[in-house]
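For reference, the structure discussed in these notes is given below.
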Amino acid sequence: MTELKNEFSWSKTRDEVFKTCPRQYWFAYYGYWNGWLEDAPERTRQIYILKNLKNRHAWAGEKVHECIQRSLNNIRRGIKVLPVDEIISITLKLMRSEFRSSRARNYLKNPRTCALFEHEYGIEVTNEQWKEMAKNVETCLKNFYASDIYGGIKSHPRDGWLEVEEFSSFRLDNIKINLMIDCAIRKGGNILIYDWKTGKSIPEDLSIQLSCYAFYAMEKWHIPPQALRIIEYNLSFNKVAEFSVTHGEVEDIKGYILGSIKDMQSLLLDPENNIPLDEDRFSKIEDERVSLGCNFRKVCRV
Ligand code: SF4
């Protein structure tokens, strides 16, 4: 079997991790590598398992995204979508089963199964809090399937559907840039990119995400940034916000991304082969609040 290669690529998430804590970045993008192999060193395997942990909010968001993805793909293939109550019931049943599996720590033997941060780190979560999370999943799904946005996508001509929940990429100065598109459709001369949000909206700088969409749209669909509309749909609050981006903003972000890539690559021993310097060269952050929510606390604070 050909050996997998850890290729360097950039993404908004990677940039956020790098800015949060360089040592966390090392764990998430280098330290875990090959941890899935049978003969992996114990620490590498542990880092790999920790990398796959997600907290309950991220897990809930993932389940909502999966439901929407399945429904939209079914519509695309002419398969009837189940009634929303049935979708909710199936999803919550699946979540209960994943919860039990995570609580029993099955992920230690089989790292591909659900691994919740709360279980690994023994975080106390009351029954009410778990129920609240399940309620949010239900609310998000009810809102989505009753929304005008879903209705509009459903009735949109199939040849105008471009992407549904796909890992996509484009190249910037020959570096692969990864992004995730929840749904994209062509409408007249414009392209609409939908972004489903499932948690409380934290005000954030959207310019990087918007510009990445614009780069991708330019390369893949050959449209200028002004023909792109980004529709953020917060499913928890049933709120829609629309954004656009200008050519100037996209150019500014290009400079930012290239700077971020340079910073990351300055910590490589061999940039050609994406081989990092020693772990110790990736500094640790001295902020207990960040470390408390960090997947790698166990292997870092030793
Ligand atoms: S525990 Fe703290 S210092 Fe260590 S990787 Fe995580 S955030 Fe960084």
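FYI, in the numbering used here the residues of the sequence shown are 17 to 318. Where is the CB? At the ideal position from N, CA and C, for every residue including glycine.
> Expressed to the nearest angstrom, what Euclidean distance is found between the alpha-carbon atoms of Ser252 and Cys156?
Replying inline: 5 angstroms
> Just how far apart, CA to CA, sit Leu108 and Ile95?
Replying inline: 22 angstroms
>> Run the Cβ filter for me: residues under 7 angstroms from any heavy atom of the ligand SF4, listed in the order they occur in the chain.
In response: Thr36, Cys37, Arg39, Gln40, Phe43, Lys300, Ile301, Val306, Ser307, Cys310, Phe312, Arg313, Cys316, Arg317
>> Restricting to Cα atoms, I'd like to know which of Pro241, Ile247, Leu222, Tyr41 is closest to Glu267.
In response: Pro241
> Under the rule that 16 or more other beta-carbon atoms within 10 Å means buried, what is Ser118, buried or exposed?
Replying inline: buried
> Which of the three DSSP states, helix, strand or coil, is assigned to Ser185?
Replying inline: strand
> Should the segment 76-96 be called in touch with the segment 222-230, which here means at least 3 C-beta pairs below 8 angstroms?
Replying inline: no
> Who are the near neighbours of Tyr41 in its chain, counting only those whose CB is closer than 7 angstroms to its CB and skipping five residues on each side?
Replying inline: Val33, Phe34, Phe298
> Per DSSP, what kind of secondary structure is Glu258 in: helix, strand or coil?
Replying inline: strand
>> Please classify Val153 as buried or exposed, where buried requires at least 16 other C-beta atoms within 10 Å of its C-beta.
In response: buried
>> Less than 8 angstroms between the C-beta atoms of Ile65 and Tyr123, yes or no?
In response: yes
>> With a threshold of 6 angstroms on Cβ separation, who are the neighbours of Phe133 within its own chain once the five nearest residues in sequence on each side are excluded?
In response: Leu69, Asn71
> Can you list, in chain order, the stretches of the beta strand (DSSP E) that have 3 or more residues and sit fully within the segment 106-145?
Replying inline: none
> In the structure shown, what three-state DSSP assignment does Lys278 receive?
Replying inline: helix
> Considering only C-alpha positions, which residue in the set Lys67, Arg59, Arg305 is nearest to Ala130?
Replying inline: The residue asked about is misnamed: residue 130 is Cys in this sequence, not Ala. Looking at the Cα atoms, Lys67 is the closest of the given residues.
> Roughly how many whole angstroms lie between the Cα atoms of Met234 and Glu78?
Replying inline: 28 angstroms
> Where does Val75 sit, in a helix, a strand or coil, going by DSSP?
Replying inline: Here residue 75 is Trp; the residue named in the question, Val, does not match the sequence. Here Trp75 sits in helix by DSSP.
> Is the Cβ-Cβ distance between Phe186 and Ile193 less than 8 angstroms?
Replying inline: yes
>> Assuming contact is defined by CB atoms lying nearer than 8 angstroms, are Ile201 and Ile239 in contact in what I supplied?
In response: no
>> My output table needs one value for Cys199: the three-state DSSP class, helix, strand or coil.
In response: strand
> Hey, how far is the Cα of Asn126 from the Cα of Gly271?
Replying inline: 41 angstroms
>> Just to check my reading of the structure: Phe259 and Leu222 have Cβ atoms closer than 8 angstroms, yes? What is that Cβ distance to the nearest angstrom?
In response: 6 angstroms
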